[in-house]
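For reference, the structure is listed below as C-alpha cells.
Here it is in C-alpha cells:
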C-alpha cells in the first residue's frame, strides 16, 4: 500500500494534534499512523504522519500548496514524501567489504526500498562486489593534492544519477564542507566506534589500548565536523581481555553493518527528523 | 506536574485522532502526550492521552460523563487515571528477597509512585526486610488443605487496605481463579524464565539441562492459566557452559528484579493496555 | 601461524592439567592456548589445547599414536585437528536468502576458514546467489514421497565432495534420522526462535500471538528429535507491540544470520565439545 | 568448599602451564580451576589457579615460601588469597542511594562475600540506609579547604577497620593521589557513563546533548587520573530521543548498580589482574 509521509516540526502549542489531524481528516485522508514527540526542554513539537495514498483526492501539487498555506499559520517546518518515489542511493567505499555487501544484499532482497545506481571507491578493491550485483563501479583515487578534482568528479556523478542519499559505507575519506553542505541531511556515515568515544582514526586500536569491555559502532549524518554529526543509531557488543585488535575489528564489522543498515532504512522510510545535534527517530510501526 | 491519562481502545476507523484530540481541545485541555497504535491484524485502535491537569476546567465527574457520552458513539473502551491518586500496592512473597528489596527501595526513593501498605508472605523468612522499611508484614502460611482459608484472609487484607495492584514478587504459590478474576489486570507476576520457555517449576534447572545460552525473566499479568497471562516485559542475559544452576539462579535474580520493576512502573504509570494475550506497552515519553 | 588443536574430555581426577600439559611439553610442543572446564555435576573434565604446529617434531600419525596410548590410561575421549586442513562445508537452503548470503560473504572474505564446494536447494529460488559466488548449485526438490530418493542423491553429493560439515541455512526440511546419524555432530541447523520456545513451524507467528517482548534465534546441532539438538549459540532482540509478524520475521533474519555464523565459526575453529544435550563452547581467545 | 587462589603473571615462555601445574600437583593439591590468558602483543602470561583448600598439606606460610622460591626462577608476579579470609569493604557515598542499597543488599544476602564495617558519606543524606542495615555511618563533610583533614580522618577510619577494598559508590569527590596510591588496585569507582565517552561531570546531560542512542556505566580502579583507571566492567542500555535527562539518569542508575556490583564481586573473588591500563577479568566458572 502506498503512503504519503509528512515530517513536521514547530514550536509547541496547544491544539496542534487536533489542528493537524483535522486538516487531513477534512481533506478526506485516512491517517495510517501518527507519531509525535515533544522536546520539553526546547519546547519543540515533532510529528510524523503517514497517510493512505489511496485517499488522496487532489494532485500532489495541490496538497502541498494547501498544506503550505496551513503550515504557515503554525510556523511549521515540514517535508512530504511519497512512497512510490524510489530514492537513489550512492555507496562510497574504500577497502572494507562488509558494509557494501550488506547494503547491496538488503537492497536486492527488497528490505531497503531504493535503487543503487552507482558505487564509488577510492580504491579498486571492491569492484568485484559491484560486479556481482551488476552495479556500476567508479574508481576515483584520491590524494591530498587531487582531492578537489576527485570530489568534483564525484559531485558530477551524484548529480547525473539524481542521487538522493549518499552512504559512506566505510569510506575512509573526509568529504569537503562544501559537498557535505550540498547534501546536508543526506549523507550517512558509519563510524566504527561508540561515539563520542574513540573519534578519529584506528578506533579499535584505541579501544584495545583503553581496555574497554564493550565495542560499538555509530551511524550519523555527516556534517562539517568529523564524527560530530547527529547520531542516528548505535549498538555495542560485549568483549573481554581475550580479543586482539584484529578480533575487535572483526566483531566490530558485524556491529557496523547492522547499525548502518538500520540507519539507512530509517532514512529511506522518512522516520528521522534532525533537531540540532540530536535526531528524532520514529519507530518502525505500521 | 499532575496529569490526567486516558487509555482508549476501539475498532479502527477514519478520523479517530482528529475526533478525540478535538474533543479534548474544545474542552480547553492541553495534550501533553498522545501515543497511538493500530493493530492492523485485528483492526483495533489504541490510544494513550496525557492531559495537563491544570487545564481541567470542570469536575472530574463531569469530564467522565462528557467523555462517556462521546465515547459511546465510537464504541470506545476507555479508562481514566489521575496522577494525584496514589495507588496502593500489595507485595506477596515467599523466601526469595531480591524482588522485594528492589521494589521497596524503588518505592522509597520515589521511582515507583505508589504506597505499599502491606507485605504478605507465606513464610516468615522476609519479615526482617519488611521491618527495615517499616511495612506491615502478614505471615499467612498455606498448605493445599488450608488454601481457601488462607486466601480468604488475604482477600480481606487486600480489601481493607484498598489495594489497587497485587505484585507476586516471587510468591511461589498459585492464586485461585476467583481471586485472579477479582483482580483481573491488577495482578503482576514475575516468572524466572523467558516465557513461553520453561514454564512451571525450577526453570533455571530446566535451562541448565537444556543447555541454553541465554537465560531470562518475564513479568506478566496473572490469569487463570499458570504462566500464560499477557506478557508485560522480558529481558535476558547471556550465559555459557560454565555457569552452574546456582549461578544461573543468581544471575537470573538480577534480571527478575529489573523486569518486574519495569512492569510495575509501566502499570503504575498507566502505560499498558491488554489486548487478548498481548499487551500494548506505551513508552515512557514525557 | 598453523596450529594443532586437541579437544579432550574425560572423568575428572587430580593431576589432569599437569599430566596432559607435561605430555606435550616433553614432546617439545609450545602450548599457545589451554582452556578447561569441569562439569562438577557430572564430574567430567573438558579441555581444548592449541599447540604451535611449528613445534611438532614428529609425523602426525606418530603424534596421534603417542597421544592415543597416553589417553588410554586416562580414559580420554579426544579428537585432534590441524589448522592447515581446510574443511569442506555444504550449505542446504530453501527460499530464504539471508543466511546463505551471509555465510558466502564471510567465507569469501576469509572470516570462515573453509571451502564451500556446493549448495543444495530444494527450490531453485536461490540459484542466482550461488551463481554470484560461483558455487555449484544442485536443485533437489522433495515431496514426502520422494524424500528417500532425494536424500540418497544428497548423500552422494556430500560424499563426492568430502563434506565435513552440513549447514542447514534455513533449509525448511527435516533430515532423516539415518542421515543425521551419519553426520552426527556435523550438521548445524538454525531455528528462527529462542529455543525451547516456539519449536516447530511459524515461530514468528507464534511469537506474535504470544505477545513476547523479545524474539531470538538458535543454532544447534541437528539430532534425531526436531529442534532438540545441543544448542551452540542463541541471541535475541527486543521487540514491542508495534511489530507485525512480517517485521518480526525481518528483524529475526538479522539475528538468525549472526547466530548461525557464530556457530559455524565456532565449529570450524574446533571450539565446541558436545556433552549430552549441552555444548561446551570455548571462547575465541588467541 | 574453601579454596586457595593464586593470581600469577609473568613473561610468556614455553612450559609454563606444565611447570606451574606440576608444582601444585606434586604438593598434593587438587586444582579446581585453572584459567589462563596470554597477551600476545606484550608477550605476557596470566594465570588464575583455584586449589581445593582441603588438599593443603602444610602451613600457609610454608606454601607461600615454597611458591616464592619456585616463582623467582620464572620471574612470576603473584599473589595468593584464601577464601576463608573475609575481606572488609568500606563504602563511600554522597547523596545517590541506589548503589549503596544494592551493595548492602547483596552483601547481606551472601552474594558479596565480605564485611562492610563502615560507610562514609560527605553528606548525611544516606545515613538512614546505613541505619537500616546497622552499619556505622561516618559523616565527613568536605570543602576544598578541608579536604586534607577530611581525608586524614578517612584514612584513619580505613586503617582502624582494616579495610581491604574501598568502593566509591557514587562518591562525588576525587581522592588525593596519595590515598589512591596507598590503596592502589583496591579502590573501585563507578562512573555514570560509558568511558571514555563523557568523562567528568554531568555525563547524562552530556549524553543527552550529544544525542547518543545508548547510555552506559563503567566500573574501574581509581588511579591518579580522574576516570582514567583500568576498566573492570561496563554495560549499556538503549535509549531514544524521548528520554529526558532525568529519565536517562534514572535508567542509568540501574546500569550503574549492576556494573558496580559485578566489578566488586569480581574483585572479591580474586578474578582480576591489572595489566597497565587493561584488566584481565577471569570468568566466574566453578
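Residue numbers (this note's numbering), protein chains in the order written: chain A, 912 to 1197; chain B, 912 to 1197; chain C, 912 to 1197; chain D, 912 to 1197. Beta carbons: idealized from backbone N, C-alpha and C, even for Gly. Nothing here was measured: the structure is a model prediction, and the numbers come from that model.
Whole-number beta carbon distance between residue j and residue i, since they are thought to touch under 8 Å
i: residue 946 of chain A; j: residue 1186 of chain A; result: Not really, about 15 Å apart at Cβ, beyond 8 Å.
i: residue 942 of chain C; j: residue 930 of chain C; result: Actually they are not in contact, since the Cβ atoms of residue 942 of chain C and residue 930 of chain C sit about 13 Å apart, beyond 8 Å.
i: residue 1141 of chain A; j: residue 1190 of chain A; result: 5 Å
i: residue 1000 of chain D; j: residue 1085 of chain D; result: The Cβ separation is near 20 Å, so there is no contact.
i: residue 1109 of chain A; j: residue 1095 of chain A; result: Between residue 1095 of chain A and residue 1109 of chain A the Cβ distance is about 25 Å, and since that is not below 8 Å, they are no contact.
i: residue 960 of chain A; j: residue 916 of chain A; result: 7 Å
i: residue 1148 of chain A; j: residue 1162 of chain A; result: 6 Å
i: residue 1180 of chain C; j: residue 1010 of chain C; result: Not a contact, Cβ separation roughly 19 Å.
Candidates the options, of which the one nearest residue i by Cα
i: residue 1025 of chain B; options: B/1177, B/957 and B/961; result: B/1177
i: residue 993 of chain D; options: D/984, D/967 and D/1049; result: D/967
i: residue 1014 of chain A; options: A/1046, A/985 and A/1033; result: A/1046
i: residue 1091 of chain A; options: A/936, A/913 and A/1069; result: A/1069
i: residue 996 of chain B; options: B/1183, B/1073, B/1166 and B/1095; result: B/1073
i: residue 981 of chain A; options: A/1040, A/953, A/965 and A/919; result: A/919
i: residue 1137 of chain A; options: A/1153, A/928 and A/1100; result: A/1100
i: residue 936 of chain C; options: D/925, D/944, D/937 and D/938; result: D/925
i: residue 953 of chain C; options: B/1193, B/1184, B/1182 and B/1156; result: B/1156
i: residue 972 of chain C; options: C/985, C/991 and C/983; result: C/991
i: residue 1104 of chain A; options: A/1120, A/1122, A/1027 and A/1126; result: A/1126
Chain-ordered chain A contacts of residue i [CB-CB under 7 Å]
i: residue 1188 of chain D; result: 1120, 1121 and 1122
Beta-carbon spacing of residue i, residue j below 7 Å
i: residue 895 of chain B; j: residue 1012 of chain B; result: Residue coverage of chain B in this structure runs from 912 to 1197, which leaves residue 895 of chain B outside it and unanswerable.
i: residue 1082 of chain C; j: residue 1003 of chain C; result: yes
i: residue 1124 of chain C; j: residue 1145 of chain B; result: yes
i: residue 1098 of chain A; j: residue 1128 of chain A; result: no
i: residue 1080 of chain D; j: residue 1130 of chain D; result: no
i: residue 1051 of chain D; j: residue 1060 of chain D; result: no
i: residue 1064 of chain B; j: residue 1033 of chain B; result: no
i: residue 962 of chain B; j: residue 940 of chain B; result: yes
i: residue 1115 of chain B; j: residue 1160 of chain B; result: yes
i: residue 1008 of chain B; j: residue 1020 of chain D; result: yes
i: residue 1041 of chain C; j: residue 1088 of chain C; result: no
i: residue 1184 of chain A; j: residue 934 of chain A; result: no
Within chain C, partners of residue i - CB distance below 7 Å
i: residue 1035 of chain B; result: Near residue 1035 of chain B there are no residues of chain C at all, since even the closest Cβ is about 32 Å away, more than 7 Å.
i: residue 933 of chain D; result: 929 and 933
i: residue 1169 of chain A; result: 1165
Residue i: contacting residues in chain A (beta-carbon distance under 9 Å)
i: residue 1125 of chain D; result: 1105, 1127, 1145, 1146 and 1147
Contact set between residue i and chain B, taken where Cβ atoms lie within less than 8 Å
i: residue 1008 of chain D; result: 1016 and 1020
i: residue 1108 of chain C; result: 1105, 1106, 1107 and 1108
i: residue 999 of chain D; result: Per Cβ cutoff of 8 Å: no residues; residue 999 of chain D is ~23 Å from chain B at best.
Chain D residues whose Cβ lies nearer than 9 Å to that of residue i
i: residue 1195 of chain A; result: Chain D residues near residue 1195 of chain A: none, gap ~12 Å exceeds 9 Å.
i: residue 1141 of chain A; result: 1122
Residues that residue i contacts on chain B, provided the C-beta gap is smaller than 7 Å
i: residue 994 of chain A; result: The contacting residues do not exist; residue 994 of chain A stays about 16 Å from chain B at best.
i: residue 1158 of chain D; result: 1195
Chain E contact residues for residue i, given Cβ-Cβ distances below 8 Å
i: residue 1172 of chain D; result: Note that chain E does not occur in the displayed structure, where the protein chains are A, B, C and D.
Under 9 Å by beta carbon: chain B residues contacting residue i
i: residue 1093 of chain C; result: Result: empty, since nearest Cβ-Cβ is about 23 Å, beyond 9 Å.
i: residue 986 of chain D; result: What residue 986 of chain D touches in chain B: nothing, since even the nearest Cβ is about 30 Å away.
Residue i: contacting residues in chain C (beta-carbon distance under 9 Å)
i: residue 1192 of chain B; result: 1124, 1151 and 1152
Where residue i meets chain D, residues with beta-carbon distance less than 7 Å
i: residue 1012 of chain B; result: 1016
Proximal chain A residues relative to residue i, where beta-carbon distance stays under 8 Å
i: residue 1155 of chain D; result: 951 and 952
i: residue 1161 of chain C; result: 1022
Item to complete: Would you list, in chain order, the members of the segment 936-961 of chain B that have their beta-carbon closer than 9 Å to a beta-carbon of chain C?
Response: Listed by position along the chain: 948, 950, 951, 952 and 957.
Worksheet entry | Contacting positions in the segment 915-928 of chain C - beta carbon closer than 7 Å to chain D | So the list reads 925, 926 and 928, given in the order they occur along the chain.
Worksheet item: Taking Cβ-Cβ distances below 7 Å as the criterion, which residues of the segment 1060-1084 of chain A are in contact with chain C?
Response: Listed by position, the residues of the segment 1060-1084 of chain A near chain C (Cβ gap below 7 Å) amount to none.
Item to complete: Could you list the residues in the segment 1037-1056 of chain B with a C-beta less than 7 Å from some C-beta on chain D, going in chain order?
Response: Answer in chain order: 1043.
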